[in-house]
Amino acid sequence: MPASFVRRLSSILGAVALTLLLVGGLRLALGAPEPRFAGPGASPSPTTTASPTPSDEGFDWLVGTAAADTVVAYAERDTESEVVGEFPRVNEQGAEQTFLLLVEERGPDGSIPEGLGWVEALLPVRPNGTTGYLRTDDLSIQGTDYRIFVDREEFSLTVFDGDEVVMETEVGIGTGETPTPVGLFYLTSLLQPPTNNTVYGSYAYGLSGFSETLIDWEDGGIIGLHGTNDPTSVGRQVSHGCIRMRNEDIEQLVPMLPLGTPIEIV
Amino acid sequence: MRTILKRGAGAALASALAVSLVGLTGSASADAVSSARGAAFGLELVGPVGLEPQPAVEAVFPAGPETAEDALLEVPADPAVNSATLAVRADAAQQSTIEPTLQAVIEGQFSGAPATWNARGYAITEDLAAVSNTITADVIESESTAACIDGDIVYGSAARIVNLGVGGTNVPVINPTPNQVVFNQLGIQIIFWQTNWDPSTGGLTDDGESVFTNALRITAPGGIDLTVSHSEASATCAGRQPQPPDPDEPDEPDVPEAPPADPVPGQPTFTG
């Protein structure tokens, strides 16, 4: 190596070190790659009709369970974009943090194309219907064909396994002052109360949705789907927004439904 | 930004300037695999000014896209990476249908290597200027491949560089072997064709489950640790004779079914 070259190189390296010191806090502002595939469809709104993601194979719905200590939801497919929410691995009800994934593009087997790196998800936060983009690396992804449909006017709840109706029953809903919210939600937790003799009956699912009138309720006013100690309240507007089922009905759901099961309320 | 990188002046210079092109090829055919994965990224920088791997792609069989590609045409000026254009591609397939990009022109062949592969990662960087324009190269390519041959995994690795320069002086890369240090002066170390691939056997030199190839690995004063044109590939053999699907058996989805929720003992606080 010629001495002149070594001197020139030493000079260059000195400048490099100085520059690095000056820009030590600077991150390269490389633009995040744009999504390769079209993003999910429109975010669910209260008037959305729940319909399974079209797919000839695989599950109708995909569910993401937190695989990281914290799952961060972003406004865009970009870690530099606005943070919509941060979710610990276990939610406040002690259940695994779960998200309903809004996936329009599927692989040939019905799975998410992993190369995407991002997936839009319905989030268990106010306001109802909030979505965000999650890193697929932060999720364990599973599928389900179950979905729940609640018709407030009919006081009815129907559980589907794909196209097959596996349960159709009567439910109680919120009163006029504390109505059951409408929209697309999903099951976020399943609690077994210490006794059946409370308003929650034998089991209570937490939903991703919140009461739109009870803002100061403990834990934020999470809407529940639960049993009851008063079967006569079924078929009426009696609740603070929760959906009440007979205990024998909800006990049929417990061995069936996973967290993340979508529930549409109209 | 998302445009397939055009082969520019760097490629045109390949025949006229110092070209180092190494790797493997062969004629054996590969079996079906139960899983395969290819991945690649253009640049990664570890140091005081960090840079996440990008553009980065991954192709996964059976649970992902068979092909993924991305490109980044302009890198904002930075002391560690002044400029570069980058393109990456990943492929994964159950059958050995993937034709490597570099294989057709590679010298130094591995006799047991297949002609086509089940997984492949490929990265190309052009017009690199790094470390305050001290280190330059016209073309830097990396390719990693994996295939299943007679029930065993065979890996491949290839790298190519055109016109590597340091401080304006050409650094020749002639007949390289894997993990060859091609420059080591004044705190700058440049490794060409950094890989865990064993060229004598087609296996790996470590206990990993995938082959990786860093076309260039540069360390420099100031804590700079720069990887340029990274690729990796892996596969899992499905057996020598893939069984045809049983028409009576329903197709099993590759995404597992979510199990019923486990009840958590506790008093709910839902609105009731």
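These protein sequence lines map, in sequence, to chains Y and S. Heads up: the first sequence runs through residues 1 to 266, numbered per the working numbering. Heads up: the second sequence runs through residues 1001 to 1272, numbered per the working numbering. Idealized CB from N, CA, C, for every residue including glycine. No experiment lies behind these values; they were computed from the predicted model shown.
Nearest residue (CA-CA) to residue i, options the options
i       : options                            : result
S/A1087 : S/A1113, S/A1137, S/V1081, S/Q1054 : S/Q1054
Y/V182  : Y/E168, Y/L207, Y/E164, Y/T188     : Y/L207
S/I1218 : S/S1200, S/D1207, S/V1181          : S/V1181
S/P1260 : Y/T261, Y/G260, Y/M256             : Y/M256
Y/W61   : S/A1093, S/N1214, S/V1131, S/E1257 : S/E1257
S/V1264 : Y/I265, Y/T261, Y/V266, Y/V254     : Y/V254
Y/G172  : Y/D145, Y/Y74, Y/H226              : Y/H226
Y/S233  : Y/E218, Y/Q192, Y/T198             : Y/T198
Y/I265  : Y/E153, Y/E248, Y/L190             : Y/E153
S/I1098 : S/T1085, S/D1078, S/R1120          : S/R1120
S/N1179 : S/I1190, S/L1073, S/A1056, S/N1170 : S/I1190
S/A1071 : S/N1082, S/V1211, S/V1057          : S/V1057
Y/I148  : Y/Q142, Y/P194, Y/L139, Y/D161     : Y/D161
Between the CA atoms of residue j and residue i - distance to the nearest angstrom
i       : j       : result
S/L1102 : S/F1061 : 22 Å
Y/L28   : Y/G132  : Only weak support is given to the placement of Y/L28: the predicted model assigns it a pLDDT of 28, under 50, and the question is left unresolved by the model.
Y/A42   : Y/L123  : With a pLDDT of 27 at Y/A42, under the threshold of 50, the predicted position of this residue should be treated as unreliable, though the coordinate-derived value follows. Cα-Cα distance, rounded: 14 Å.
Y/S81   : Y/V72   : 11 Å
S/A1068 : S/T1269 : 46 Å
Y/R126  : Y/V103  : 21 Å
Y/L184  : Y/I263  : 6 Å
Y/S55   : S/S1096 : Note that Y/S55 has pLDDT 40, beneath the 50 cutoff, so the model's placement of it is unreliable and the number below is only indicative. Taking the straight line joining both Cα atoms gives about 27 Å.
S/D1262 : S/R1089 : 41 Å
S/R1160 : S/E1141 : 5 Å
S/P1199 : S/G1187 : 29 Å
S/W1193 : S/S1144 : 11 Å
S/T1116 : S/A1147 : 8 Å
S/T1276 : S/V1255 : What the structure shows of chain S is the stretch from 1001 to 1272, and residue 1276 of chain S is not part of that stretch, so it cannot be assessed.
Y/T228  : Y/D145  : 27 Å
S/A1215 : S/P1221 : 20 Å
Y/G39   : Y/L101  : Confidence in Y/G39 is poor, its pLDDT being 24 and thus under 50, which makes the residue's placement unreliable; the coordinate value appears in the next sentence. Straight-line Cα distance between these residues: approximately 12 Å.
S/T1213 : Y/T65   : 33 Å
Y/G174  : Y/D216  : 17 Å
Y/P88   : Y/N128  : 19 Å
Y/M245  : Y/E170  : 7 Å
Y/D69   : Y/V90   : 8 Å
S/D1127 : S/S1234 : 29 Å
S/D1150 : S/G1208 : 20 Å
S/G949  : S/V1154 : Any property of residue 949 of chain S remains undetermined from this structure, which presents chain S solely from 1001 to 1272.
Y/A67   : Y/T261  : 18 Å
Y/D219  : Y/G143  : 28 Å
Those residues which DSSP pairs with residue i across a bridge
i       : result
Y/P120  : Looking at the sequence itself, residue 120 of chain Y is Glu, so the reference to Pro does not match. Note: Y/E120 sits in a beta bridge opposite Y/Y133.
S/L1051 : S/L1045
Y/T98   : Y/T65
S/A1036 : S/F1061, S/A1235
S/L1072 : S/L1086
Y/G260  : In DSSP, Y/G260 forms no bridge with anything.
Y/T70   : Y/P88
Y/Q93   : Bridge partners of Y/Q93: none, in fact.
S/A1169 : In the sequence as displayed, the identity of residue 1169 of chain S is Thr instead of Ala. Note: S/T1169 sits in a beta bridge opposite S/V1166.
Y/R77   : Per DSSP, none; premise fails for Y/R77.
S/C1148 : S/I1153
Closer than 7 Å at the beta carbon, the chain A residues around residue i
i       : result
S/Q1267 : In summary, chain A is missing from the structure at hand, where the protein chains are Y and S.
Can you list the beta strand (DSSP E) stretches of 3 or more residues lying completely in the region 1198-1227 of chain S, in chain order? 1211-1220
Between the region 137-150 of chain Y and chain S, which residues of the former have a C-beta closer than 8 Å to a C-beta of the latter? I141, Q142, G143, T144
Quick check on the DSSP output: what are the complete beta strand (DSSP E) runs of length 3 or more inside the region 1085-1134 of chain S, in order along the chain? 1119-1130
Near-chain S residues of the region 193-224 of chain Y (beta-carbon distance less than 7 Å), N- to C-terminal order: P193, P194, V199, Y200, Y203, A204, G206, S211, L214, W217, E218, D219, G221, I222, I223, G224
Which complete beta strand (DSSP E) runs does the region 153-236 of chain Y hold, if anything under 3 residues is left out? 156-161, 164-170, 183-192, 204-210, 222-226
Check each residue of the region 175-188 of chain Y: if its Cβ is closer than 8 Å to any Cβ of chain S, include it; give the result in chain order. T178, L187
Residues of the region 229-257 of chain Y with a CB closer than 8 Å to any CB of chain S: list them in chain order, please. S239, H240, G241, C242, V254, P255, M256, L257
Name, going along the chain, the residues of the region 60-94 of chain Y whose beta-carbon falls closer than 7 Å to a beta-carbon of chain S. L62, V63, Q93, G94
So if I threshold CB-CB distances at 9 Å, which residues from the region 1155-1181 of chain S count as touching chain Y? V1166, G1167, G1168, T1169
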